[in-house]
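Chemist: Residue numbers (my numbering): 50 to 248. Each residue gets a CB set at the ideal place from its N, CA and C atoms; glycine is no exception. Just so we're clear, the structure is a prediction, and the values are computed from it rather than from any experiment. Please find one structure pasted underneath; my questions will follow.
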C-alpha cells in the first residue's frame, strides 16, 4: 500500500502536490521534499561552499514550507522554492558579513581591560600547560629544569646539588627545553613573550 502511495505522489504535478499540501497531506510534502531537496541543496552549496550551512538552509526552507502550507500563495512551486532559497542564501551571506564586521569592530575597539583580561587568561592557560609539561619530563630532566629555570641555579650549582657532571646537567637542560618546546607548540603564539624564559 505504501509503495502504491509513493508511486501515486510521484505521478502528481507540482500543482497537484501544492493542492494536497494545502490540505495537510504529508505524503505530498514528502514528494516535494524528494523532488526538490537535492536540487535546492546544490544551488545553496554552489554559492556558500559549505555543506552544513547549505543543508541547514534547505532544511529550514522546507520546514517553513510545511509550517506555512495553509497560508502560502504559491503559483509555481519550482519558481517559489528556487527564489526562496536564493533569498535565504543572500540573507545568510549578509548576516555573515555583518557578523564578521562586528567581530572586527569589537577587536579594534576592545577596551584595555578586556584585552588585559584576555591576556591574563591566556597567560594562566600557558602557565598551566607549562606546569603540565614540566610534570611530564623525565625525572632527572625535570629536576635540572626546575633548578635552572625556577630556582635560577647555575649549571655548576646544579651539578653539585644533583651530583652530575656539568656536561650531563647541560644535556638534561637541553633535553627538557626541547621536550617543553614540543609540548607547548600549540601555545607558540602565547609563548613569544616568554621565549627568554625557555632559553
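Please look up how many angstroms separate the CB atoms of residue 193 and residue 218, rounded, as I've assumed it's under 8 Å.
Modeler: Residue 193 sits at position 144 when you count from the first residue of the chain shown. Residue 218 sits at position 169 when you count from the first residue of the chain shown. Right, the Cβ-Cβ distance comes to about 6 Å (below 8 Å), so this counts as a contact.
Chemist: I'd like to check one pair, residue 58 with residue 102: are the Cβ atoms closer than 8 Å?
Modeler: What you label residue 102 is simply residue 53 of the chain shown in a count that begins at 1. What you label residue 58 is simply residue 9 of the chain shown in a count that begins at 1. No, Cβ-Cβ distance for residue 102 and residue 58 is not below 8 Å.
Chemist: Quick one: is residue 112 buried, meaning 16 or more other Cβ sit within 10 Å of its Cβ, or exposed?
Modeler: As a first step, residue 112 is located in the chain shown; it is residue number 63 there, counting from the start. Residue 112 is exposed by the Cβ-count criterion.
Chemist: Provide the residue span of the alpha helix (DSSP H) that contains residue 116, from first to last.
Modeler: Within the chain shown, residue 116 is the residue found at index 67, counting from 1. 100 to 116 is the extent of the alpha helix (DSSP H) around residue 116.
Chemist: Check for me: the alpha helix (DSSP H) holding residue 210 runs from which residue to which?
Modeler: Translated into positions along the chain shown, residue 210 becomes position 161. Counting along the chain, the alpha helix (DSSP H) containing residue 210 begins and ends at 204 to 211.
Chemist: Along the chain, where does the alpha helix (DSSP H) that runs through residue 200 open and close?
Modeler: For the purposes of this step, residue 200 is identified with residue 151 of the chain shown, where counting begins at 1. Looking at the DSSP string, residue 200 is not in any alpha helix (DSSP H), and its letter there is neither H nor E.
Chemist: Could you say which of 72, 125, 114 and 232 lies nearest to residue 250 if we only look at CA atoms?
Modeler: A query on residue 250 cannot be resolved here, the shown segment of the chain reaching from 50 to 248 and no further.
Chemist: Can you tell me whether DSSP reads residue 244 as helix, strand or coil?
Modeler: By one-based count along the chain shown, residue 244 stands at place 195. Confidence in residue 244 is poor, its pLDDT being 44 and thus under 50, which makes the residue's placement unreliable; the coordinate value appears in the next sentence. Residue state, collapsed to three classes: helix.
Chemist: Sort 179, 65 and 77 by Cα distance to residue 124 and report the nearest one.
Modeler: Residue 124 sits at position 75 when you count from the first residue of the chain shown. Selected option, being the one with the closest Cα: 65.
Chemist: Less than 8 Å between the C-beta atoms of residue 179 and residue 137, yes or no?
Modeler: Within the chain shown, numbered from 1, the residue matching residue 179 stands at position 130. Within the chain shown, numbered from 1, the residue matching residue 137 stands at position 88. Cβ atoms of residue 179 and residue 137: not closer than 8 Å.
Chemist: Give the secondary structure of residue 122 by DSSP, where H, G and I count as helix, E and B as strand, and everything else as coil.
Modeler: By one-based count along the chain shown, residue 122 stands at place 73. It is coil, neither helix nor strand.
Chemist: Could you tell me the alpha carbon to alpha carbon distance between residue 94 and residue 225, rounded to whole angstroms?
Modeler: What you label residue 94 is simply residue 45 of the chain shown in a count that begins at 1. What you label residue 225 is simply residue 176 of the chain shown in a count that begins at 1. Looking at the two C-alpha atoms, the distance is approximately 49 Å.
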